[in-house]
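These notes are about the structure you will find just below.
2 protein chains.
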Amino acid sequence: MDPSQIDQVRRFNRTVTERVGVLHDRYLGRDRPIGEARLLWEIGERGQDVRRLRERLGLDSGYVSRLLRALESDGLVTVEPQPRDRRVRTVRLTDAGRAERATLDGRSDELAGSLLEPLNTTQRARLVAAMAEVDRLLTAATVVLDVVDPDHPDAQYCLRSYFMELRHRFEDGFDPARSLLPSAGELRPPHGLFLIARTHGEPIGCAGLKLPPRAPAEIKRMWVAPHARGLGLGRRFLAELEARAAQHGRNVLRLDTNKALGAAIGLYHSFGFQEVAAFNDEPYAHYWFEKRIT
Amino acid sequence: MDPSQIDQVRRFNRTVTERVGVLHDRYLGRDRPIGEARLLWEIGERGQDVRRLRERLGLDSGYVSRLLRALESDGLVTVEPQPRDRRVRTVRLTDAGRAERATLDGRSDELAGSLLEPLNTTQRARLVAAMAEVDRLLTAATVVLDVVDPDHPDAQYCLRSYFMELRHRFEDGFDPARSLLPSAGELRPPHGLFLIARTHGEPIGCAGLKLPPRAPAEIKRMWVAPHARGLGLGRRFLAELEARAAQHGRNVLRLDTNKALGAAIGLYHSFGFQEVAAFNDEPYAHYWFEKRIT
DNA sequence: GGCATCCTCTGACTAGAGTCAGAGGATGGA
DNA sequence: TCCATCCTCTGACTCTAGTCAGAGGATGCC
Chain A
1 MDPSQIDQVR
11 RFNRTVTERV
21 GVLHDRYLGR
31 DRPIGEARLL
41 WEIGERGQDV
51 RRLRERLGLD
61 SGYVSRLLRA
71 LESDGLVTVE
81 PQPRDRRVRT
91 VRLTDAGRAE
101 RATLDGRSDE
111 LAGSLLEPLN
121 TTQRARLVAA
131 MAEVDRLLTA
141 ATVVLDVVDP
151 DHPDAQYCLR
161 SYFMELRHRF
171 EDGFDPARSL
181 LPSAGELRPP
191 HGLFLIARTH
201 GEPIGCAGLK
211 LPPRAPAEIK
221 RMWVAPHARG
231 LGLGRRFLAE
241 LEARAAQHGR
251 NVLRLDTNKA
261 LGAAIGLYHS
271 FGFQEVAAFN
281 DEPYAHYWFE
291 KRIT
Chain B
1 MDPSQIDQVR
11 RFNRTVTERV
21 GVLHDRYLGR
31 DRPIGEARLL
41 WEIGERGQDV
51 RRLRERLGLD
61 SGYVSRLLRA
71 LESDGLVTVE
81 PQPRDRRVRT
91 VRLTDAGRAE
101 RATLDGRSDE
111 LAGSLLEPLN
121 TTQRARLVAA
131 MAEVDRLLTA
141 ATVVLDVVDP
151 DHPDAQYCLR
161 SYFMELRHRF
171 EDGFDPARSL
181 LPSAGELRPP
191 HGLFLIARTH
201 GEPIGCAGLK
211 LPPRAPAEIK
221 RMWVAPHARG
231 LGLGRRFLAE
241 LEARAAQHGR
251 NVLRLDTNKA
261 LGAAIGLYHS
271 FGFQEVAAFN
281 DEPYAHYWFE
291 KRIT
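These protein sequence lines are chains A and B, in that order.
Going by UniProt numbering, the residue at position 207 of the first sequence is 207; the numbering climbs one at a time, nothing skipped.
Going by UniProt numbering, the residue at position 53 of the second sequence is 53; the numbering climbs one at a time, nothing skipped.
Structure below.
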């Protein structure tokens, strides 16, 4: 790896942990230990199950329990068994808790403001733009791809979002019933597979692969959430699916697409796909692509 | 302040404290408490006086003493009275200490690498560029201006750097003896003043103001360290000097400059200075500028 | 030489942030 | 109905990271 890049990253780390890290603790932990503050924050407006809190924050169950006891005795939260499964307990903010959370929120704003405050307008705009870029790319680096069942809730969420988007973007809308969509079975081993991309456990994209016997592999239902675009995720899906198709002995990868999806078409070209004649009669397709793989 | 900017800064803070902050502690504190690691780092190759360490890290004397005891008993440092003043004690790394410090250094590299590692070449370049920008601007926000005596070591450092730079940049070099440089007395109250810009206590620029009786105020010896350029520091100096000249009842601010200093000339124009006829016979000057102030 | 001041160290604390090993109630399946 | 499993809680610890109040040697100045 390029040493001058490493160097710049180290300088960044240093500056940022000093300016942001130190201030962060000072602002947020002003009159409450940061453990409690983080918990209060993570409970959110609607409440949370204790086990989920523990998962999200990666904390020991005993520790969380103790923190909850502290918040409870300060009158900030109530903890009650969940009606469905009385082993699980649900935490909810009281009005006082909500108020406390709002002050934490205000302090986060103060902290952010204190970083911008000494700068002039131009500098602020530049800083914010650069922060957005760092944010996006660091987030991109945490994206993980998993194979899941197409019926998994996260998969379903992505597919719903995908259909909704097609409905808006296609000239004549989109009706799943009219399309040659594969059944869930076709995207489930051994007939295929379904990939999900996640950051911090949240689904942000999906892509399916059909592996029909003695025929080219076919990419289906590739979608990236709007807020996750520009992170190279489409490319990553393609590379991953290509590798998996090759593992399954296929030497051709293909897909069909609609003319409304300009960015995707550009991606296919730049990833080495060639336009070919229609290989199916998908009514929503305008272009068919193919790539030889090894 | 713009709420969408605040929002972006908050998103940035969150991402960064997660990705960088958490990893930071995990990498660096792998087998040594971060307090000790920080201290080990700050001692440096050449050793340090205990009091200076305390100052730099902002820690309690008892605490530092205890940390040093721990490092000493691990054979990483030696602590000895300073020969000149035996109340002060000097810490030096042993060979083992140097080795330990080198592994910490390696881990910082690893951490930086782990941020870049999941990204492709383009993304890496973009991330590094954005980090550099964030770094510069956050640093810019910590710059403080102080009035110091022109004989102060930091002032002397800036002036030496300034002369050295002029020597390189002027077509015919620069010889202080030939120039109309003000004596230190002219930049010292009540005849004038001398400003120093610092980040983290390190001097990164200077600017002097002459306040001759019943005459326009005059800017002298304005210099910004090469690594601190592009932070708007020149503008900040001008604004500060203008305000101080006005406080002292002057309504005209002027300066002379050399044609080799293109960026500075641009700055003077954009800050509202107008070119005027020569008001002195400085041999190194090609342009003379003036601005009416209130 | 005497005394205030400086610098470092030690002892005695505190608070936060966790970890670990059960206890004990709730649930689900045989 | 019984038993394994799940979820949460409690008690008993540990480690960091600090703070505070002096003790005691070294120095500088009168």
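Ideal Cβ placement from N, Cα and C applies to all residues, glycine included.
Strand pairing of residue i, partner residues [DSSP]
i	result
A:K210	A:G192 and A:E218
A:P203	A:R198
A:R235	Per DSSP, none; premise fails for A:R235.
B:E171	In the DSSP output, where bridge partners are listed per residue, B:E171 has none listed.
A:W223	A:C206
A:D2	According to DSSP, A:D2 bridges with nothing at all.
A:K156	Note on residue identity: the sequence assigns Gln, not Lys, to residue 156 of chain A. DSSP output for A:Q156 lists no bridge partner at all.
Neighbourhood of residue i by C-beta distance below 7 Å, restricted to the same chain and skipping five residues each side
i	result
residue 356 of chain B	Residue 356 of chain B cannot be examined here, being either before or after the span of chain B that is shown, 1 to 294.
A:S61	R54
B:A70	E36
B:I265	T257 and Y287
Residue i versus residue j - alpha carbon distance
i	j	result
B:K291	B:F163	25 Å
B:R54	B:Q48	10 Å
A:L195	A:S270	22 Å
A:N258	A:D151	25 Å
B:A130	A:R32	34 Å
A:R126	B:A228	16 Å
B:D256	B:S183	17 Å
B:L23	B:T17	9 Å
B:T15	B:F289	47 Å
A:R136	B:T122	14 Å
B:M222	B:E72	46 Å
A:A243	A:G173	33 Å
A:C206	A:A225	9 Å
B:Q274	B:R86	58 Å
B:M1	A:G113	7 Å
A:G44	A:N13	29 Å
B:R169	B:R89	44 Å
B:L231	A:H248	55 Å
A:A140	A:V9	16 Å
residue 321 of chain B	B:T103	Outside the displayed range of chain B (1 to 294) lies residue 321 of chain B, so it cannot be described from this structure.
A:V64	B:V20	24 Å
A:A155	A:R66	36 Å
residue 367 of chain B	A:R98	Residue 367 of chain B is absent from the model: chain B starts at 1 and stops at 294.
A:F279	A:L159	24 Å
Neighbouring residues, chain A, relative to residue i (Cβ below 7 Å)
i	result
B:H24	N13 and T17
B:L116	M1, Q5 and V9
B:Q48	None at all; the shortest Cβ gap to chain A is about 18 Å.
B:G21	T17 and G21
B:M131	Q8, V9, F12 and V134
Alpha helix (DSSP H) segment containing residue i, residue limits
i	result
B:T122	T121 to A140
A:Y63	S61 to S73
B:Y287	Element bounds for B:Y287: not the alpha helix (DSSP H) but the beta strand (DSSP E), Y287 to R292.
A:Y268	G262 to S270
B:E228	Residue identity differs from the one stated: residue 228 of chain B is Ala in this sequence, not Glu. B:A228 -> no alpha helix (DSSP H), and no H or E assigned at all.
A:L180	First-last for A:L180: undefined, no H or E at that position.
Range of the contiguous beta strand (DSSP E) that encloses residue i
i	result
B:V77	V77 to P81
A:D256	V252 to T257
residue 350 of chain A	This structure cannot speak to residue 350 of chain A, because chain A is shown only from 1 to 294.
B:D146	V144 to V147
B:V276	Q274 to V276
Any non-hydrogen atom of the ligand NAP within 7 Å of residue i CB
i	result
B:V79	With respect to the ligand NAP, the structure offers nothing, as it holds no ligand at all.
Same chain, Cβ closer than 8 Å to residue i, neighbours up to 5 away in sequence not counted
i	result
B:L68	L39, V50, V77, V79 and V91
B:G245	Checking the displayed sequence, the identity of residue 245 of chain B turns out to be Ala instead of Gly. So the qualifying residues of the chain are L209, L211, A217, L253 and I293.
A:E42	Q48, L53, R56 and L57
A:R124	L116
A:G272	K291
A:L119	L127
Same chain only: Cβ atoms within 6 Å of residue i, ignoring 5 sequence neighbours per side
i	result
A:V143	A197 and T199
B:R167	G173 and F174
A:E240	L145
A:Y157	P203
Neighbour list for residue i in chain A, Cβ cutoff strictly below 9 Å
i	result
B:L238	By Cβ distance, chain A contributes nothing, its closest Cβ being about 13 Å from B:L238, past 9 Å.
Contacts of residue i in chain B (Cβ-Cβ under 9 Å)
i	result
A:E202	Those within 9 Å of A:E202 in chain B number zero; the least Cβ separation is about 13 Å.
A:Q123	L137, A140, A141, L231 and G232
Within chain B, the residues that residue i reaches when beta carbons sit closer than 7 Å
i	result
A:T103	Those within 7 Å of A:T103 in chain B number zero; the least Cβ separation is about 15 Å.
A:G113	M1 and I6
Contacts of residue i in chain B (Cβ-Cβ under 8 Å)
i	result
A:S108	R10 and N13
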